[in-house]
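Here's the structure, in structure tokens; my notes come after.
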Amino acid sequence: MIEINTKEQVLRMGDLSAPGQKSDPFVITVRYLRAQSTGETICVGVELTDSIRNLSETRRYTVQTELLNGLNIHKGTISREKLDELEHASRLSAAYARALSILAYGANSAYALSLKLRQRGFDATIADAAIALLRDRGYLREQSDALREAERCLTKGWGQKRIEMYLRQRGYSSDDTVYALQELGEVDEVSRCAQMARRKTHMPPADAKEKQKLIAYLIRQGYSMSVIRASLDEAWQE
-18 MIEINTKEQV
-8 LRMGDLSAPG
2 QKSDPFVITV
12 RYLRAQSTGE
22 TICVGVELTD
32 SIRNLSETRR
42 YTVQTELLNG
52 LNIHKGTISR
62 EKLDELEHAS
72 RLSAAYARAL
82 SILAYGANSA
92 YALSLKLRQR
102 GFDATIADAA
112 IALLRDRGYL
122 REQSDALREA
132 ERCLTKGWGQ
142 KRIEMYLRQR
152 GYSSDDTVYA
162 LQELGEVDEV
172 SRCAQMARRK
182 THMPPADAKE
192 KQKLIAYLIR
202 QGYSMSVIRA
212 SLDEAWQE
């Protein structure tokens, strides 16, 4: 998270130095580094001073401790390039924290997570970097997440075609989708389809019209015609 006071003034100070100018009146100083209560993040206080106009601004950045350690930032004067790195690390830390909170509510593919982060104001580069960090730390496991999503679909009585469509809509890759479907391969789809047919109508279809309605319903649930034919043969058997 970045907190900035009178941002417009700071931006004007940032424009003072022309290309090729030897002396830069814009001085950037790290005033403090304070660990947050959990120790996972550090608050960095930065002062930006215009020595010509005698103006100063303060900024506060919240950065993950691990990311900040990689920047080798200490109290004292830093360069503009180092400030850019600090700002990037702060945005990345914010995106990472938001992504973790999203995952706490349920599994997400990398595609879905990236979309949600961008909808919350993070640019694509930061979103992708946060997702890569989540993956490296073991918080994003798309293959196992896809399988869990597929297993939830099973509890709704869906057939494999609908499960496949659902996983793809959720942004899971072809490889992760195929893996999930293969893991579900041992489930008896004919029996599941027969159960859905009985759930839809407790008695066998009275005529051809009713049978076609039932078949259309089962197709929408993701079952193939071969599975439907076999399931209707056994659905109401004693």
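If you're matching positions, the sequence shown starts at -18 in the working numbering and goes up one per residue. We put the beta carbon where it would ideally sit given N, CA and C, even for glycine.
- Rounded to whole angstroms, the separation of the alpha carbons of Gly140 and Lys181 is 15 Å.
- Taking Leu73 as reference, the option from Ile54, Tyr42, Ala161 with the minimal CA-CA separation is Tyr42.
- Annotated three-state conformation of Tyr13 is strand, per DSSP.
- Rounded to whole angstroms, Ser212 and Leu165 show a C-alpha spacing of 18 Å.
- Leu98 has its alpha-carbon roughly 45 Å from the corresponding atom of Arg210.
- A direct Cα-to-Cα measurement between Asn35 and Glu130 gives close to 59 Å.
- By the Cβ criterion, the region 82 to 94 is not in contact with the region 42 to 59, since fewer than three pairs of Cβ atoms, one from each stretch, lie closer than 8 Å.
- The beta carbon of Glu123 is closer than 8 Å to those of Ser90, Ala91, Tyr153, Ser154, Asp157 in its chain, skipping five residues each way along the sequence.
- Counting of Cβ neighbours within 10 angstroms places Ser71 among the buried residues, the total reaching 16 or more.
- Shown here, Asp31 sits in a strand according to DSSP, grouped into three states.
- For Arg40, the secondary structure class from DSSP, reduced to helix, strand or coil, is strand.
- Residue range 46 to 52 is occupied by the alpha helix (DSSP H) that includes Gly51.
- In this structure, Val44 sits away from Val27, with a CB-CB distance that is not shorter than 8 Å.
- According to the DSSP assignment, Thr136 belongs to no beta strand (DSSP E) but to the alpha helix (DSSP H) extending over 123 to 136.
- At a cut-off of 4 residues, the continuous stretches assigned as alpha helix (DSSP H) that sit fully inside the region 153 to 191 are 155 to 164, 170 to 181.
- Within the same chain, Ile144, Leu165, Val168, Arg173 come within 8 Å of Leu135 by CB-CB distance, once the 5 residues on both sides are set aside.
- Per DSSP, the continuous alpha helix (DSSP H) segment holding Thr106 begins and ends at 105 to 117.
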